[in-house]
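Here's the structure we're looking at; comments come further down.
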Amino acid sequence: LGGLFGIKPAWFSDPFLAKLMILLVNTWLGFPYMMVVCMGLIKSIPADLYEASAVAGAGPLTNFFEITLPLILKPLTPLLISAFAFNFNNFVLITLLTGGRPDFLDIAVPAGTTDILVSYTFRIAFQDSGQQFALASAISTVIFFIVAAITLLQMRFTRIAQQDTR
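Numbering of the sequence shown is given in the working numbering, commencing with residue 845 and proceeding in unit increments.
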């Protein structure tokens, strides 16, 4: 960016820019998968529906909101929920990109502005704070219950979607 635009953002020292960097990289990593899935779902919509809506005088926005979106939303919902659960525990991205830093300076237990629960747990158990295994274990239990709740929600949505198609 410095060579192209003359700006040098402080990605690793500014908390807002560090979070923005993680968001951009995570979007860059997940976009191709979601694009392929959405393109496959859109291709599976019968062309007859669009032809019938054209005869009825519907425009592109009506086609999108009345045909495309309802038909791709049901199969896409479980994938979006599982993508959320995966990103909730995306330890590798945080660890390799920022290490959870920049750190909050005014707290006793080291936590970074870009830490997620999993990377924070790793830091307090194995890095900065001197092996606080009890706290790390408690946080791991909370993470388990959060991911279990997300999984149950996904299973419920999947069951509702299957019942609607019958």
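We put the beta carbon where it would ideally sit given N, CA and C, even for glycine. A quick note: this is a predicted structure, and the numbers were derived from the prediction, not measured.
How is residue i classed by DSSP in three states: helix, strand or coil?
{"i": "Gly956", "result": "strand"}
{"i": "Asp972", "result": "coil"}
{"i": "Asn870", "result": "helix"}
{"i": "Asn907", "result": "helix"}
{"i": "Gly884", "result": "helix"}
{"i": "Lys852", "result": "coil"}
{"i": "Phe890", "result": "Residue identity check: residue 890 is Pro in the sequence provided, not Phe. DSSP places Pro890 in coil when its eight states are reduced to three."}
Quick one: what's got a C-beta closer than 8 Å to residue i's C-beta in the same chain, skipping five residues either side?
{"i": "Thr1023", "result": "Residue 1023 cannot be examined here, being either before or after the span of the chain that is shown, 845 to 1010."}
{"i": "Gly956", "result": "Thr942, Gly943, Gly944, Arg945, Pro946, Asp947, Phe948, Ser963, Tyr964, Arg967"}
Can you check which of these residues, the options, is closest to residue i by C-alpha distance?
{"i": "Gln976", "options": "Ile990, Phe989, Val953", "result": "Val953"}
{"i": "Asn931", "options": "Thr942, Leu913, Val962", "result": "Val962"}
{"i": "Asp892", "options": "Val880, Thr912, Arg967, Pro859", "result": "Thr912"}
{"i": "Ala854", "options": "Leu923, Pro876, Ala862", "result": "Ala862"}
May I ask you to list the residues that DSSP assigns as paired with residue i?
{"i": "Asp947", "result": "Gly956"}
Going by the C-beta, is residue i closer than 6 Å to any heavy atom of the ligand GDP?
{"i": "Leu940", "result": "This structure simply doesn't include the ligand GDP, nor any ligand for that matter."}
Give a yes or no on whether 7 Å exceeds the smallest Cβ distance from residue i to chain D.
{"i": "Ser963", "result": "Here chain D cannot be found, since the structure has a single protein chain."}
- Message: Does the contact criterion of 3 or more C-beta pairs under 8 Å hold for the segment 901–908 versus the segment 922–929?
- Response: no
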